[in-house]
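I have placed the structure first, in the form of structure tokens, so that the comments after it can refer back to it.
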Amino acid sequence: MSDPWMERLSDYLEDDMPAAERLALEAHLETCRDCSVVVSDLRRVMNRARQMDERQPHRDLWPGIAKRIGATSAGAQPIRRRWSFSSPQLAAAAVLLMTFSGSTVWLMRSAGSLPADGPIAATAPPPATVTAVNVRRNAAENYAAAVEDLERVLSAGRGQLDTTTVRVIEQNLAVIDQAIAQAQRALLADPANLYLNTHLAETMRRKLDLLRQAATLVPVS
Amino acid sequence: MTQFGFGAVTLEHENTGRPDSDTVDATLAASGDASAFERLYRHHVPRIYSLVRRMVNDDDADEITQDVFVRAWQKLGTFRGEAAFGTWLHRLAVNVILARRETLGTRRKRFLEGDAVLEFLPARKAGPELAMDFESAMERLPDGAREIFVLHDVEGYRHEEIAEMLGLATGTSKSQLHRARLALRRHLER
Amino acid sequence: MLLFLAAGIALAASQQIDTTVTVERGQRLQVNAYGGEVTVTAWNRNAVRVETVTSGRQRIEISASATTLSIRAQGRHGTSTEADLRISAPAWMPLNLSGVNTTAKVEGIRAPISVETVEGEVDVTGGDGLISLRSVQGSISLKGARGRISVNSVNEDVQVVNSTGEIEAETVNGEITLEAVDAAAVDASTVNGDITYAGPVRTGGRYSLSTHNGDILLTVPEGTNANVAVSTFNGEFESEFPVPLSGTRKGKGFNFILGSGSAQVTLESFQGTIELIRPGGRKDRERRDRSDH
Chain A
6 MSDPWMERLS
16 DYLEDDMPAA
26 ERLALEAHLE
36 TCRDCSVVVS
46 DLRRVMNRAR
56 QMDERQPHRD
66 LWPGIAKRIG
76 ATSAGAQPIR
86 RRWSFSSPQL
96 AAAAVLLMTF
106 SGSTVWLMRS
116 AGSLPADGPI
126 AATAPPPATV
136 TAVNVRRNAA
146 ENYAAAVEDL
156 ERVLSAGRGQ
166 LDTTTVRVIE
176 QNLAVIDQAI
186 AQAQRALLAD
196 PANLYLNTHL
206 AETMRRKLDL
216 LRQAATLVPV
226 S
Chain B
1122 MTQFGFGAVT
1132 LEHENTGRPD
1142 SDTVDATLAA
1152 SGDASAFERL
1162 YRHHVPRIYS
1172 LVRRMVNDDD
1182 ADEITQDVFV
1192 RAWQKLGTFR
1202 GEAAFGTWLH
1212 RLAVNVILAR
1222 RETLGTRRKR
1232 FLEGDAVLEF
1242 LPARKAGPEL
1252 AMDFESAMER
1262 LPDGAREIFV
1272 LHDVEGYRHE
1282 EIAEMLGLAT
1292 GTSKSQLHRA
1302 RLALRRHLER
Chain C
14 MLLFLAAGIA
24 LAASQQIDTT
34 VTVERGQRLQ
44 VNAYGGEVTV
54 TAWNRNAVRV
64 ETVTSGRQRI
74 EISASATTLS
84 IRAQGRHGTS
94 TEADLRISAP
104 AWMPLNLSGV
114 NTTAKVEGIR
124 APISVETVEG
134 EVDVTGGDGL
144 ISLRSVQGSI
154 SLKGARGRIS
164 VNSVNEDVQV
174 VNSTGEIEAE
184 TVNGEITLEA
194 VDAAAVDAST
204 VNGDITYAGP
214 VRTGGRYSLS
224 THNGDILLTV
234 PEGTNANVAV
244 STFNGEFESE
254 FPVPLSGTRK
264 GKGFNFILGS
274 GSAQVTLESF
284 QGTIELIRPG
294 GRKDRERRDR
304 SDH
């Protein structure tokens, strides 16, 4: 295996070689049996690799996954028709709102991420990248700025509001946020869908409306 | 032409962009629909499990496969439908496997030096009872060489992608692949 | 001109107040109570009567101008307080009622009504002209109203029954029920809840029912002329009668025309069932049974 060409045979097979060198190697293969046998073997190795069968696991791995993501192992978990909120979820929603207070740009720019076992996102959003939301950048920025402003007002005034009211507003913002996230995800699958585009815009407007309404509840000091 | 429908009509996922059923399921799963995610699991588990099996020790394959799907569930929000769901999932699986590899520790020398690769793999003997088949031989390759071989020749990643994923120079990826192929050629089924 | 009638009825101990003030047409009634239950009932006198039981920390301030009779319940030093107010007013008198932890019940006023509260139910029977009812945490119920109706909750259900005019109904986390309504324009929208509409679809009318996570139930009377647009992402469409599906399916929805198609009906549910039912049909009877209980 001291033949220096031997080291280049994979490059040759992957067409990763300057033309002149390639011609020289092809001339070499005419005369070197070792190299031509190896080329033939390597070609077979590459073909063999491409023909590998897919294998099923020896056991069903889904129940373990379902358990870990909080779904029932019986399989189908129907979509909730009406979201309901338990106290821990409300707490999660409150944490979510506080976490994102003043930084809801993610709403417009990322699809967000939902927790494994409930409708309210309590996990951090993924890094922002522009999605298929059919809103011009300016509109998106204006929206984000408006949301941010209102959240600042709310955040500053939350101490003056009844705690139940704060909780209800946060819960409803979470309901809207989830609807927005779902609409955004649906748009990824179908960016040109007119209904989804208007539905998303309308749901985002609802969020602004609710924030405005909530902001007016804060007493002017 | 006008047709008449009576009773329940289920609207198809018919739409302007025509996403495949994976994309629709991924969208549903991202909004918390576990049954949509189970469909994705059933559809993709053979490919992911096979990838895991080839990349890591057999003993850990089940658990890592589950890790991949749990991670996918958590990361669905980042799936933007720009690539096929299968491609996205596959790439995520590679990342999970590589991250897991670090924690599993290196049981064998990771990369191959020169002809050393040949020493790891007993040559295919004439008698079938002693022979190691191609897949078994592949699994016996040192981890680093095996990863590169699986990613390149089995899964079709380019050297540049592999180098980035594994934190190697492209040249290292190429030379390790070549060594792995040379080792495996002795285990081709005749 | 400001006519000061009564002010600073501050009392040392709990005491019943019963004051009646004469009013004239052209005046409106303005009620402001931070909390408690406020009941406004129409009577046949051109006067407003205010009945309440106050504690020493409360005062009820009643002031009148040519245009407004104002009733204000507040703490002695202008602080917030709760007071149950029973008010009688002429049916012609427009009403503005605002509060925070206030429950509002209005009966028999045949004039514009606006009610705004944060935590409390709003229950109005009557109303004529501009009618605007809003609560954040309480449900809204409006019956027997006529005019331009706007009902808005955040966290509870909204219901408009036996009313005519133009209706705008909104909530975020609640159901919307529009029952026995006769409206030329309807705009009902919720994020998390069902929407039910039962009433005629007027020629040239515009009806838009939209929810994200809930079902839409629309009764369609015989002889309806409407262009119906149905949109959903992950929902279903069901109809109790044959629906002509023309070649206009687009997106995840479709249009169809009933009769002359002169009204525009838009039905949207992101992930619920959109259902068309016949008045008096099985679904309608089930629906009525449910609303009776």
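Those sequence lines, one after another, are chains A, B and C. The first sequence begins at 6 in my numbering and counts up one residue at a time. The second sequence begins at 1122 in my numbering and counts up one residue at a time. The third sequence begins at 14 in my numbering and counts up one residue at a time. Note that CB positions come from ideal geometry on N, CA and C, so glycine has one too.
For this session: Output the distance between the C-alpha atoms of Met1286/B and His33/A, rounded to the nearest integer angstrom.
Result: Residue 1286/B sits at position 165 when you count from the first residue of the second sequence. Residue 33/A sits at position 28 when you count from the first residue of the first sequence. About 35 angstroms.
For this session: Give the single residue among Arg72/C, Gln28/C, Ser282/C and Asp136/C whose Cα lies nearest to the Cα of Ile229/C.
Result: Here residue 229/C corresponds to residue number 216 of the third sequence, with the count starting at 1. Checking every option, the nearest Cα to that of Ile229/C belongs to Ser282/C.
Problem set entry | chain A contact for Val204/C (CB, 7 angstroms cutoff) | Looking up residue 204/C in the third sequence gives position 191. Output row for Val204/C: interface = yes.
Exercise. Would a C-beta distance cut-off of 7 angstroms place Asp207/C and Gly187/C closer than the cut-off?
Worked result: Numbered from 1 along the third sequence, position 194 holds the residue referred to as residue 207/C. Numbered from 1 along the third sequence, position 174 holds the residue referred to as residue 187/C. In this structure, Gly187/C does not lie closer than 7 angstroms to Asp207/C by Cβ.
For this session: Give a yes or no on whether 7 angstroms exceeds the smallest Cβ distance from Gln1187/B to chain A.
Result: As a first step, residue 1187/B is located in the second sequence; it is residue number 66 there, counting from the start. At least one chain A Cβ lies under 7 angstroms of Gln1187/B.
Exercise. Out of curiosity, what's the CA-to-CA distance linking Lys1246/B and Ser45/A?
Worked result: Residue mapping note: residue 1246/B aligns to position 125 of the second sequence, counting from 1. Residue mapping note: residue 45/A aligns to position 40 of the first sequence, counting from 1. Any reading at Lys1246/B must be qualified, since the residue scores a pLDDT of 42, below 50, and its modelled position is unreliable; the value itself is stated next. If I take the Cα positions, the gap works out to 20 angstroms.
For this session: From the DSSP output, read off the bridge partner residues of Ser202/C.
Result: Start at 1 with the first residue of the third sequence, and residue 202/C comes out as number 189. Answer by DSSP bridge pairing, in chain order: Glu183/C and Ser223/C.
For this session: Ignore the nearest five residues each way along the sequence and tell me which others in Ala55/C's own chain have a CB closer than 6 angstroms to its CB.
Result: Residue numbering aside, residue 55/C sits at position 42 when the third sequence is read from its first letter. So the list reads Ala104, Gly121 and Ile122, once near-sequence residues are dropped.
Problem set entry | Against chain A: residues of the segment 109-134 of chain C by CB proximity under 7 angstroms | Val131 and Glu132
Exercise. Quick one: what's Trp56/C bridged to in DSSP?
Worked result: Walking along the third sequence from the start, residue 56/C turns up at place 43. The partner list for Trp56/C (beta bridge, DSSP) reads Pro103/C.
Problem set entry | First through last residue of the beta strand (DSSP E) which encompasses Phe1270/B | Counted from its first residue, the second sequence places residue 1270/B at position 149. Where Phe1270/B is concerned, there is no enclosing beta strand (DSSP E), although the alpha helix (DSSP H) it sits in stretches over Asp1264 to Phe1270.
Exercise. Taking only beta-carbon atoms, is Ala24/A less than 7 angstroms away from chain C?
Worked result: For this step, residue 24/A is matched to residue 19 along the first sequence. So no, Ala24/A is outside the interface.
Problem set entry | With 16 other Cβ atoms within 10 Å as the buried cut-off, status of Ser273/C | If you number the third sequence from 1, residue 273/C lands on position 260. Around the beta carbon of Ser273/C, fewer than 16 other beta carbons sit within 10 angstroms, so the residue counts as exposed.
Problem set entry | Pair within 7 angstroms by beta-carbon distance, Ala184/A and Val204/C | Reading the first sequence from its first residue, position 179 is the one you call residue 184/A. Reading the third sequence from its first residue, position 191 is the one you call residue 204/C. Going by C-beta atoms, Ala184/A is nearer than 7 angstroms to Val204/C.
Problem set entry | Backbone secondary structure at Thr221/A - three-state DSSP | Position 216 of the first sequence, counting from 1, holds the residue named residue 221/A. Thr221/A falls in the helix class under three-state DSSP.
Problem set entry | Whole-angstrom distance between Leu192/A and Ser145/C, CA atom to CA atom | Within the third sequence, residue 145/C is the residue found at index 132, counting from 1. Within the first sequence, residue 192/A is the residue found at index 187, counting from 1. Each residue's alpha carbon lies about 35 angstroms from the other.
Exercise. How would you write the range of the beta strand (DSSP E) that Val128/C sits in, first residue to last?
Worked result: As a first step, residue 128/C must be located in the third sequence, where it is residue number 115. From DSSP, the beta strand (DSSP E) with Val128/C extends over Ile126 to Thr130.
Exercise. In whole angstroms, what separates the C-alpha of Ala197/C from that of Ala182/C?
Worked result: The count along the third sequence starts at 1 and reaches residue 197/C at position 184. The count along the third sequence starts at 1 and reaches residue 182/C at position 169. So the alpha carbons of these two residues sit roughly 14 angstroms apart.
Problem set entry | Three-way DSSP call (helix, strand, coil) for Arg1160/B in this model | The residue given as residue 1160/B occupies position 39 in the second sequence. Reduced to three states, the DSSP call for Arg1160/B is helix.
Problem set entry | Sheet register partners of Arg159/C (DSSP bridge) | Working through the third sequence from its first residue, we reach residue 159/C at position 146. DSSP output for Arg159/C lists Asp141/C and Thr177/C as bridge partner(s).
Exercise. Quick one: what's Ile189/C bridged to in DSSP?
Worked result: On the third sequence, position 176 is the one that residue 189/C refers to. Ile189/C is bridged to Val171/C and Ile208/C.
For this session: Please compile the residues from chain C whose C-beta is within a distance smaller than 7 angstroms of the C-beta of Leu222/A.
Result: Here residue 222/A corresponds to residue number 217 of the first sequence, with the count starting at 1. Those are Val131, listed as they occur along chain C.
Exercise. Met209/A CB to nearest chain C CB: under 7 angstroms?
Worked result: Position 204 of the first sequence, counted from the start, is the residue given in the question as residue 209/A. No - not a single Cβ of chain C is within 7 angstroms of the one on Met209/A.
Exercise. Alpha carbon to alpha carbon, how far is Asn114/C from Glu132/C?
Worked result: Taking the third sequence and counting its residues from 1, one reaches residue 114/C at position 101. Taking the third sequence and counting its residues from 1, one reaches residue 132/C at position 119. Taking the straight line joining both Cα atoms gives about 5 angstroms.
Exercise. In terms of alpha-carbon separation, which member of Ile153/C, Ser76/C, Gly49/C and Leu82/C lies closest to Asn59/C?
Worked result: Position 46 of the third sequence holds residue 59/C. Checked all of Ile153/C, Ser76/C, Gly49/C and Leu82/C; the closest Cα to Asn59/C is Leu82/C.
For this session: Take Gly160/C and list the residues in its own chain whose beta-carbon comes closer than 7 angstroms to its own, dropping the five residues that flank it on each side.
Result: On the third sequence, residue 160/C is found 147 positions in, with the first residue counted as 1. Result list for Gly160/C: Gly140, Asp141, Gly142, Leu143, Ile144 and Gly178, in chain order.
For this session: Assign Ala1237/B to one of three DSSP states: helix, strand, or coil.
Result: Along the second sequence, one-based indexing puts residue 1237/B at 116. Low confidence applies to Ala1237/B: its pLDDT is 44, below 50, so where it sits in the model is not reliable enough to give any reading.
Exercise. Thinking C-alpha only, which one of His225/C, Arg41/C and Val278/C is nearest Thr286/C?
Worked result: Residue mapping note: residue 286/C aligns to position 273 of the third sequence, counting from 1. With distances taken between Cα atoms, Thr286/C lies closest to His225/C.
For this session: Closer than 8 angstroms by beta-carbon distance: list the chain A residues that pair up with Arg1192/B, in chain order.
Result: The sequence position of residue 1192/B within the second sequence is 71, counting from 1. Ordered by position in chain A, no residue passes the 8 angstroms Cβ test against Arg1192/B, which lies about 10 angstroms from the chain.
For this session: Report the neighbours of Gln150/C on chain A: residues whose CB is nearer than 8 angstroms to its CB, in chain order.
Result: Counting from 1 along the third sequence, the entry for residue 150/C is found at position 137. Listed along chain A are Thr169, Thr170 and Val173, each with a C-beta nearer than 8 angstroms to that of Gln150/C.
Exercise. If you drop the 5 nearest sequence neighbours on each side, which residues of the same chain put their C-beta closer than 6 angstroms to that of Asn165/C?
Worked result: Counted from its first residue, the third sequence places residue 165/C at position 152. The residues are Arg147 and Glu183.
Exercise. Going by beta carbon distance, what residues of the same chain come within less than 6 angstroms of Ala99/A, once the five residues before and after it are set aside?
Worked result: Taking the first sequence and counting its residues from 1, the one referred to as residue 99/A is at position 94. Only weak support is given to the placement of Ala99/A: the predicted model assigns it a pLDDT of 40, under 50, and the question is left unresolved by the model.
Exercise. At least one CB of chain B closer than 7 angstroms to the CB of Gln176/A: is that the case?
Worked result: Residue numbering aside, residue 176/A sits at position 171 when the first sequence is read from its first letter. It does not; no Cβ of chain B falls within 7 angstroms.
For this session: Tell me where the beta strand (DSSP E) around Glu1285/B begins and ends.
Result: Residue mapping note: residue 1285/B aligns to position 164 of the second sequence, counting from 1. No beta strand (DSSP E) contains Glu1285/B, which is instead part of the alpha helix (DSSP H) from His1280 to Leu1287.
For this session: Could you name the residues of the segment 50-68 of chain A whose beta carbon sits closer than 8 angstroms to any beta carbon of chain B, in the order they occur along the chain?
Result: Val50, Met51, Arg53, Ala54, Arg55, Met57, Asp58, Glu59, Arg60, Gln61, Pro62, His63, Arg64, Leu66 and Trp67
For this session: Mind listing the chain A neighbours of Gly1202/B? Cutoff is C-beta to C-beta under 7 angstroms, in chain order.
Result: Counted from its first residue, the second sequence places residue 1202/B at position 81. Here the neighbours are Leu193 and Ala194.
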